[in-house]
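> In my numbering, the protein residues as written are 5 to 52.
(1) Alpha carbon to alpha carbon, how far is residue 13 from residue 27?
(2) Tell me the DSSP secondary structure of residue 26 in three-state form.
(3) Around the C-beta of residue 7, are 16 or more other C-beta atoms found within 10 angstroms, so that it is buried, or is it exposed?
(4) Using the C-alpha atoms, what's the distance from residue 10 back to residue 33?
(5) May I ask you to report which of helix, strand or coil DSSP gives residue 18?
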């Protein structure tokens, strides 16, 4: 299990590095994942 889900992060770069640790994730896929993660987070706060 990657630290992405089990330990909190304090910076976007740290989250990006952890996303790259996922199987099959390289730099580009990690960037897309982080961008989508950020959009969903803003949507969830706005709809709350």
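By construction, the Cβ of each residue, glycine as well, lies at the ideal position given by its N, Cα and C atoms.
Put simply:
(1) The residue you call residue 13 lines up with position 9 of the chain shown. The residue you call residue 27 lines up with position 23 of the chain shown. Distance between the alpha carbons of residue 13 and residue 27 is about 19 Å.
(2) Within the chain shown, residue 26 is the residue found at index 22, counting from 1. Taken through DSSP and simplified to helix, strand or coil, residue 26 comes out as coil.
(3) Within the chain shown, residue 7 is the residue found at index 3, counting from 1. Residue 7 is exposed by the Cβ-count criterion.
(4) Taking the first residue of the chain shown as 1, we reach residue 33 at position 29. Taking the first residue of the chain shown as 1, we reach residue 10 at position 6. Cα to Cα, residue 33 sits roughly 20 Å from residue 10.
(5) As a first step, residue 18 is located in the chain shown; it is residue number 14 there, counting from the start. Residue 18: helix per DSSP, three-state reduction.
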